[in-house]
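Taking my numbering, the leading residue of the sequence shown gets 87, the next gets one more, and so forth. Glycine included, each C-beta is placed from N, C-alpha and C at the ideal position. Fair warning: this is a prediction, and the values are worked out from it, not measured in the lab.
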Amino acid sequence: MDVSYESFNGVCGGGGQYDSRVMGYFGKRPELEKLKSLSEQIDWEIERERYHLLEKLYPLINYWPGQFPDLREIFQEEQIERLLWDSASYECGDRNSYRGERFIDFVINTGYTDKPCVEKLMSRRTTPVHRVARREHRAYCNRHECTAVVSKLFKIYDRFEVNYADESGLTHLHAACASGCYDVIETFLKLGYDVNCIATETGDTPLHLAASHQKEGVVELLLKNGADPNLTNAKGLTSLHVICRAERDNCNFAKMLLDLGRSVCKPVQVDARDKFGNTALHLAAMKKNTKVVRLLLAYGANPNLADSQGFTLLHSMSSQPMFDGHLVRTLFECSHESHRPVQIDARDRYDLTPLHMAVHSGNLMMTNFLLRSGVDANSVNAMGKTALHVICDKVYDNGLAREFLKTNDDLGRTVLIDVQDKGGNTPLHLALSRNLRGLAQLLLRKGASSNLANDKGLTPLHLICEPKFDCEFVKSFFEINDYNHQLVQIHAQDNLGRTPLQLAVKNLLPDVVDLLLDRGALSSFVFPSEGHFDERFRSAYNIELRVASGAMAVVERLEKKGYELDQSDALTIMSLFAKHRLFEKPKNLDERWYDDERFASKSKWMTIKPGVSLYDLIQLRPEEAARRITYTDYCNFERSEKLRELPGGYIFAMHMCEKMLRRFFRRWAIYPCWELIHHRLPLECCDMIIENLMNEDLWHICLAATGKSS
């Protein structure tokens with residue numbers, strides 16, 4: 087092909103100035119010599135050097151003056167093939183991809199075409215056409231650019247007597263169909279090549295690729311030449327699947343395939359399933375291609391077919407967090423028109439209904455739509471859970487339960503509120519386990535039973551005797567039950583024999599203990615054993631002060647209501663203190679930590695109760711501290727977390743515990759001490775002996791008296 091110097095210069099717009107720059111760089115007419123020189127300077131086996139060559143070639147070939155050369159006089163055919171391969175290897179959109187495409191343009195302008203030896207013509211050969219066509223499938227690739235490159239490469243690889251296939255089975259015919267090279271496809275078909283040839287790796291036919299790349303004209307051409315629209319690829323996808331899962335809601339494209347299937351080839355199997363059991367209708371709905379959904383239903387697609395997980399189309403729609411009203415209404419309207427009503431209570435492999443899916447995804451509008459469409463609000467899944475169970479087992483309350491119950495009330499339908507799942511849990515159990523207090527109160531007001539026990543024997547009252555629930559919630563629990571005239575079984579025991587009061591005691595909840603005692607819980611109370619006390623306290627901040635103040639406040643409330651603590655109970659409590667290392671060490675007393683200037687300054691304005699600062703507390707003897715400061719004062723101070731602001735807070739907390747617990751330890755150590763000396767001294771002398779001992783020493787005395795060791 088001849089191109090005059092003047093015409094090339096005019097196109098480039100560079101005039102004589104630009105040409106002098108090129109000529110100045112390469113000397114007078116050195117283009118051919120320069121090309122030959124560059125080709126001789128590299129090792130053709132090293133890819134990096136070939137790419138470097140392309141970079142050097144670019145300024146030369148981009149502004150080539152005069153007649154284009156015969157490439158075979160400069161490069162060997164194998165070298166040209168390698169450069170074309172490397173040019174095709176640039177990613178579309180890469181900042182250097184234009185260099186590769188420009189080299190391909192240059193090769194075309196020279197009139198070069200691929201001419202393999204006729205004797206060695208073989209169908210198994212990988213060409214740059216395959217390289218670009220395979221790259222075209224990548225999500226980040228610019229398909230328009232790739233299509234243009236493939237079209238150009240077919241001007242070089244224009245021998246159609248062989249339909250070259252690469253190692254994956256992808257042929258030139260596949261590549262032409264993916265890129266929309268209409269004339270190339272026609273040529274292949276006229277030569278009698280199999281229109282249904284399969285790429286062995288992916289299972290794709292030319293029709294699959296044309297459909298995937300939205301080449302409507304190519305699809306029509308293939309169908310009219312015998313392409314089978316029902317062949318499936320390795321994923322089980324037919325061409326209809328491929329069209330329906332596209333990002334575009336291309337109703338006309340799908341209609342053309344369906345109509346041509348009826349008129350010129352095989353009727354399209356509209357309900358064919360892929361390897362996951364999805365029909366084209368499933369895929370269209372997943373992509374929210376509403377027009378295609380309507381079309382498929384009009385062409386007889388079954389709206390109730392389930393995938394391999396048992397998911398119907400309605401399951402899939404219901405599992406979405408956002409309500410697509412247009413799509414859902416289209417499904418119901420078209421199914422009604424085709425006399426195939428949607429099965430609204432269909433179950434998947436886990437017996438989940440669309441309603442279960444809707445409430446699990448928190449989709450309020452879909453839930454309402456399903457309820458008003460007549461779904462069974464009380465159906466249970468394989469775990470025995472109703473939709474209300476699922477709502478109450480979420481980690482947050484978004485108001486779905488309230489709307490769920492209200493909608494059913496509006497429709498005059500009864501929601502079974504006390505259904506127990508396979509773990510024996512009612513919706514109330516689950517709401518309390520998730521600490522959804524507002525939801526639990528709603529269920530109680532709706533008449534949920536407070537006395538049903540789950541498989542662990544836990545009633546709702548057991549569950550709220552945990553640290554995460556405060557006294558106010560427990561109080562409201564009883565008030566709602568009183569209002570409903572429902573008697574709460576205060577003495578119920580779980581499978582470990584624990585009553586709600588025992589749980590409140592072992593969780594050190596003095597205010598909850600008070601409420602339960604007011605309800606008569608003391609009559610069946612047995613003090614928890616050492617093993618019952620919760621290990622969870624170990625990880626809490628200010629654990630020492632929390633355990634000490636909580637335990638003493640609980641003991642105080644029990645004794646005020648008439649419980650008689652015995653030596654065994656006292657030793658259990660002391661062992662709890664020992665487990666949490668609540669004993670102040672004598673060395674802390676010697677360090678005079680309370681004389682630290684920063685500590686003294688902070689502690690003087692920080693109060694444990696009105697009128698008593700922390701600094702004042704340090705100065706008080708244990709007996710005086712016991713008279714002026716209650717265990718409740720210590721509890722309130724611990725909850726305030728003021729100790730975080732105090733330098734040396736841990737040492738001070740240990741000091742507070744030692745002082746707070748002194749009266750308790752002296753009370754329970756005096757008689758064991760007297761027993762250990764076999765009553766040889768008056769009891770008053772024993773009191774004098776233990777007065778100056780540390781709490782840890784008093785604990786050891788109690789242990790020794792019972793024959794135990796620490």
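- With a 10 Å radius around the Cβ and a threshold of 16 neighbouring Cβ atoms, ARG136 comes out buried.
- Closest by C-alpha distance to VAL560, out of VAL599, GLU167, TYR757, GLY386, is VAL599.
- Per the coordinates, the alpha-carbon of LEU573 lies some 36 Å from the alpha-carbon of SER447.
- Per DSSP, reduced to three states, the secondary structure at LYS341 is helical.
- In this structure, the alpha-carbon of ASN316 lies about 41 Å from that of GLU164.
- ALA712 is positioned such that its CB atom lies closer than 9 Å to that of ARG749.
- The alpha-carbon of ALA755 is positioned some 28 Å away from that of ASP702.
- Here ASP269 is exposed. Its C-beta has fewer than 16 other C-beta atoms within 10 Å.
- A direct Cα-to-Cα measurement between ILE737 and TRP691 gives close to 18 Å.
- Between ASP504 and ALA534, the C-beta spacing is below 9 Å.
- Contact between VAL354 and LEU326 holds, since their C-beta atoms are separated by about 6 Å, short of 8 Å.
- According to the DSSP assignment, ILE694 belongs to no alpha helix (DSSP H) but to the beta strand (DSSP E) extending over 693–695.
- In this structure, the CA atom of ASP719 is about 10 Å from the CA atom of ALA639.
- The C-beta separation of HIS548 from LEU589 comes to about 6 Å, placing the pair in contact by the 8 Å criterion.
- Between LYS377 and LEU346, the C-beta gap is not smaller than 9 Å, which leaves the two residues out of contact.
- Per DSSP, reduced to three states, the secondary structure at THR718 is helical.
- Boundaries cannot be given for MET469, as no alpha helix (DSSP H) includes it and DSSP labels it neither H nor E.
- With respect to the 9 Å criterion, PRO427 and MET403 are not classified as neighbours on the basis of their beta carbons.
- Excluding its 5 nearest sequence neighbours in each direction, GLY396 has C-beta neighbours in its own chain below 7 Å: ARG433, ASP434, ARG435, listed in chain order.
- Partner residues in the beta bridge of ALA251, as assigned by DSSP, are ARG210, THR257.
- Considering only GLY303, HIS741, ALA517, ASP773, the residue with the shortest C-alpha distance to ASN338 is GLY303.
- Within the stretch 277–313, not a single complete beta strand (DSSP E) segment reaches 3 residues in length.
- A direct Cα-to-Cα measurement between HIS442 and HIS475 gives close to 9 Å.
- Distance from ALA296 to LEU308 at the Cβ level is roughly 6 Å; contact confirmed, criterion being Cβ atoms closer than 8 Å.
- Looking from the CA of GLY197, the closest CA among ILE775, ASP652, LYS238 belongs to LYS238.
- Secondary structure note for ALA791: its alpha helix (DSSP H) is the uninterrupted segment 781–792.
- In this structure, ALA739 lies near GLU630, with their beta-carbon atoms less than 9 Å apart.
- The beta carbon of MET746 sits closer than 6 Å to the beta carbons of ALA634, TYR720 from its chain, once the five residues preceding and following it are set aside; these are given in chain order.
- Taking the Cα positions, LYS142 is about 34 Å away from LEU259.
- Fully contained in the stretch 131–183 are the following alpha helix (DSSP H) runs of length 4 or more, in chain order: 133–148, 163–175.
- For TYR385, same chain residues with a beta-carbon under 6 Å away, outside a window of 5 residues either side, are LEU344, VAL356 in chain order.
- Looking from the CA of PHE563, the closest CA among LEU525, THR493, ARG217, LEU491 belongs to LEU525.
- In the DSSP assignment, GLU630 falls within the alpha helix (DSSP H) that extends over 629–646.
- The continuous alpha helix (DSSP H) containing GLN527 extends over residues 523–531.
- Here ILE128 is actually not in contact with ARG188; their C-beta atoms are around 19 Å apart, not less than 8 Å.
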